[in-house]
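Protein chains in written order, with the numbering used here: chain A, 1 to 319; chain B, 320 to 675.
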């Protein structure tokens, strides 16, 4: 039996999973929508991965989780490593592009930039205050224009004269867009302008003050949009590399990291297990910490969210 | 007015020293605000201008909670930034809300004329004895120095304690015992006792641990609630934390001229408040081969915003990673912890590579 490693990246918008062998070869992978239900999404994901995976030949001995629900899903899957998405993306990308200098990542709700020097992360930034320039902004605007977000990129490429759209903030961008549609700008020009706005917003906020140099790898859901890729190439004057699996880099990274952690024995059959979370407010003081308790088939398996020991919820050993 | 009960905003561990001045120097009661919680911030934010810096909101919330706990006389201090206007605005807001309290604003006093502070103390207690208050202030200064010494030692070692929570427990006991101190002799005894207790705490320090220096704005850097217990998070990862910024270093052992001289290649003019210290210490940490620097400030802190381009230059010149945190009234730790974790991974990988 050969060893295999699973990585799961649970973002606010999409959930990504990957299984690799010892040589990082992809054995199974999937990309689905989170739909506000990380536990349900992961259950679906695991059963899809199971269908693609040869359980007779391989055994999953490492499970890593990353993304904003990494802690919760890490508990549910019994992960042997839980890693933040910055490190996971860097490790995943480096495994395919060892020379990479700059990673642009634009996801559904957040975006990051990672600067790498000789295989080591030297600088990074993440948007924290603002959702402008992320995937969900593009998809809401495509709906407004009566388009599927998937058609967006191709349409942008048709434009010869992109419309200028305010890039500072989605609120400004949106009203600017509406006005320009109404005074008669062409749809493809508006769309190309939006792609440019996203890129400018990204470079001015997340990329501000960072040393951007080639090779540049672009990933995250928005990297599938050729209009944004083109806008990035124009803005940086460099070629932008987009891997066919660019949406899986975080999952890949954390799968690779799980190789180094103590081995576990992963069981695919979690479909019938019920996982529940309950928020319990601590009444110990006026801080009212919201503690999250995770139950597996009705039994408490983990809890967090308390600021001090007074609010600690003890999980009975052996559960 | 009924019996005087004084409150001073919560600030790091220093309230015990303020308490000494009030109780032993003035001979009136002192009321501590309850520990800062989400509710403190909620009340503070509700009655504060939206764009004021975050410490203002914490302190306003704290004043209101202290009033509810019985305080009727509030003290505020001045400083070299918007802090200088805090008192005036706090007083006005509390008055508008209908609280009947006496507000004593030390921003009216002048550091170069110590007697002007005496005039302010007189407002709390007209019969204040100059000799008594002077000796109480002097002892409070010594107390602050002891607190800072103890906390420096803890920061350096807490990440490596063998028994979880040993240092925190001692720290709490120390602050409790400090309340009972009446003179210099007693203070020296406590200082000695706790330094030796601290040194006896079993630690397991690796040979070459990660070292991180923290720089930034005065209140946020010293108030653990404001910075989301950042020092604790770092310590959990086994990091030595150095923070020069404390009251002893910035006020009592102040050496502004030397600082200006030593950073003149990076900043010619004083940008106010803690900016010069931030630049100076970042430069020191960089030269001393620290593994990383963390810059913290409250959202919209102008002097600290001004230091950021300078810090970026230091980061480039000395190849030292610097991460920036801006805190406002958010209470979720998730985003902050993600970035701290990534910062830790980054400096760890750099270190491993260097060792290889």
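A virtual CB, placed ideally from N, CA and C, is assigned to each residue, including glycine.
Cross-chain neighbours of residue i in chain B, by beta carbon under 9 angstroms
i: residue 126(A); result: 654, 657, 658 and 661
i: residue 213(A); result: Under the 9 angstroms cutoff, chain B gives no residues; its nearest Cβ is about 14 angstroms from residue 213(A).
Nearest-angstrom Cβ-Cβ length linking residue i and residue j, presumed shorter than 8 angstroms
i: residue 323(B); j: residue 473(B); result: Not quite, the Cβ-Cβ distance comes to about 35 angstroms (not below 8 angstroms), so this is no contact.
i: residue 9(A); j: residue 254(A); result: 7 angstroms
i: residue 116(A); j: residue 220(A); result: Not confirmed; about 16 angstroms, so no contact.
i: residue 157(A); j: residue 119(A); result: So it is not a contact: roughly 34 angstroms between Cβ atoms.
i: residue 503(B); j: residue 461(B); result: 6 angstroms
i: residue 92(A); j: residue 134(A); result: No, residue 92(A) and residue 134(A) are not in contact; Cβ-Cβ is about 20 angstroms, not under 8 angstroms.
i: residue 187(A); j: residue 145(A); result: 6 angstroms
Reference residue i, options the options, closest by Cα
i: residue 96(A); options: 248(A), 291(A), 278(A) and 297(A); result: 248(A)
i: residue 319(B); options: 448(B), 403(B) and 331(B); result: Nothing about residue 319(B) can be read from this structure; chain B reaches only from 320 to 675.
i: residue 152(A); options: 193(A), 278(A), 170(A) and 126(A); result: 193(A)
i: residue 434(B); options: 422(B), 450(B) and 579(B); result: 450(B)
i: residue 345(B); options: 445(B), 334(B) and 371(B); result: 445(B)
i: residue 85(A); options: 76(A), 70(A) and 78(A); result: 70(A)
i: residue 169(A); options: 186(A), 120(A) and 205(A); result: 205(A)
i: residue 354(B); options: 616(B), 420(B) and 377(B); result: 377(B)
i: residue 198(A); options: 110(A), 272(A) and 54(A); result: 110(A)
i: residue 348(B); options: 581(B), 359(B), 327(B) and 333(B); result: 327(B)
i: residue 647(B); options: 360(B), 331(B) and 522(B); result: 360(B)
i: residue 590(B); options: 480(B), 576(B), 552(B) and 622(B); result: 622(B)
i: residue 7(A); options: 57(A), 213(A), 78(A) and 174(A); result: 78(A)
i: residue 60(A); options: 27(A), 25(A), 202(A) and 5(A); result: 5(A)
i: residue 90(A); options: 76(A), 66(A) and 74(A); result: 66(A)
Burial state of residue i (16 or more Cβ within 10 Å)
i: residue 176(A); result: buried
i: residue 563(B); result: buried
i: residue 312(A); result: exposed
i: residue 515(B); result: exposed
i: residue 640(B); result: buried
i: residue 318(A); result: Only weak support is given to the placement of residue 318(A): the predicted model assigns it a pLDDT of 41, under 50, and the question is left unresolved by the model.
i: residue 99(A); result: exposed
i: residue 1(A); result: exposed
i: residue 588(B); result: exposed
i: residue 329(B); result: buried
i: residue 80(A); result: buried
i: residue 524(B); result: exposed
i: residue 195(A); result: buried
i: residue 645(B); result: buried
i: residue 387(B); result: exposed
i: residue 22(A); result: exposed
i: residue 544(B); result: buried
i: residue 400(B); result: buried
i: residue 375(B); result: buried
i: residue 225(A); result: buried
i: residue 574(B); result: exposed
i: residue 571(B); result: exposed
i: residue 325(B); result: buried
Within chain A, the residues that residue i reaches when beta carbons sit closer than 8 angstroms
i: residue 668(B); result: 120 and 121
i: residue 356(B); result: 285, 286, 287 and 288
Proximal chain B residues relative to residue i, where beta-carbon distance stays under 7 angstroms
i: residue 293(A); result: None at all; the shortest Cβ gap to chain B is about 17 angstroms.
i: residue 255(A); result: The premise fails here: residue 255(A) is roughly 16 angstroms from chain B at the closest Cβ pair, so nothing lies under 7 angstroms.
i: residue 79(A); result: Going along chain B, no residue has its Cβ under 7 angstroms from residue 79(A), so there is no contact; the nearest lies around 15 angstroms.
i: residue 87(A); result: 661 and 664
i: residue 306(A); result: Correct list: empty, because the minimum Cβ distance to chain B is about 12 angstroms.
Proximal chain B residues relative to residue i, where beta-carbon distance stays under 8 angstroms
i: residue 163(A); result: Ordered by position in chain B, no residue passes the 8 angstroms Cβ test against residue 163(A), which lies about 33 angstroms from the chain.
i: residue 201(A); result: In chain order: nothing, as chain B lies at least about 19 angstroms away.
i: residue 204(A); result: Correct list: empty, because the minimum Cβ distance to chain B is about 15 angstroms.
Partners in chain A for residue i, counting only beta-carbon separations shorter than 9 angstroms
i: residue 631(B); result: 209
i: residue 648(B); result: Going along chain A, no residue has its Cβ under 9 angstroms from residue 648(B), so there is no contact; the nearest lies around 12 angstroms.
i: residue 539(B); result: None at all; the shortest Cβ gap to chain A is about 16 angstroms.
i: residue 672(B); result: 118, 119 and 120
i: residue 679(B); result: A query on residue 679(B) cannot be resolved here, the shown segment of chain B reaching from 320 to 675 and no further.
Contact set between residue i and chain A, taken where Cβ atoms lie within less than 7 angstroms
i: residue 640(B); result: 122 and 123
Proximity test, residue i beta-carbon vs the ligand SAM heavy atom, cut-off 7 angstroms
i: residue 578(B); result: This structure does not include the ligand SAM; it has no bound ligands of any sort.
Checklist entry - Do the region 334-346 of chain B and the region 488-508 of chain B touch if we need at least three Cβ pairs shorter than 8 angstroms? => result Using a C-beta cut-off of 8 angstroms, the region 334-346 of chain B makes contact with the region 488-508 of chain B, since at least three inter-stretch Cβ pairs fall below that distance.
Item to check | Touching by the beta-carbon criterion (3+ pairs, under 8 angstroms), the region 258-267 of chain A and the region 360-375 of chain B | outcome: Segments in contact, no.
Next on the checklist: Measuring CB atoms only, is the region 453-471 of chain B touching the region 506-513 of chain B, in the sense that at least three cross pairs come out at less than 8 angstroms?
Outcome noted: Touching, yes, given that three or more Cβ pairs across the two stretches are closer than 8 angstroms.
Checklist entry - Between the region 599-610 of chain B and the region 74-94 of chain A, do at least 3 Cβ pairs fall closer than 8 angstroms? => result No, the region 599-610 of chain B is not in contact with the region 74-94 of chain A.
Checklist entry - So does the region 551-558 of chain B actually touch the region 651-667 of chain B, counting three or more Cβ pairs closer than 8 angstroms? => result Cβ pair count under 8 angstroms is three or more, so yes.
Checklist entry - Can at least three beta-carbon pairs, one atom from the region 379-386 of chain B and one from the region 484-494 of chain B, be found at a separation below 8 angstroms? => result Put simply, the region 379-386 of chain B does not touch the region 484-494 of chain B. Fewer than three CB pairs are less than 8 angstroms apart.
Checklist entry - Touching or not, the region 522-536 of chain B and the region 609-619 of chain B, by the rule of three or more beta carbon pairs under 8 angstroms? => result Taking a cut-off of 8 angstroms on C-beta distances, the region 522-536 of chain B touches the region 609-619 of chain B, as three or more cross pairs fall below it.
Next on the checklist: Can you confirm whether the region 11-31 of chain A touches the region 234-241 of chain A when touching is taken to mean that 3 or more C-beta pairs between the two stretches lie within less than 8 angstroms?
Outcome noted: Counting Cβ pairs under 8 angstroms, fewer than three are found: no touch.
Checklist entry - On the three-pair Cβ rule with 8 angstroms, is the region 409-424 of chain B touching the region 384-394 of chain B? => result Note that the region 409-424 of chain B touches the region 384-394 of chain B; at least 3 beta-carbon pairs, one per stretch, sit closer than 8 angstroms.
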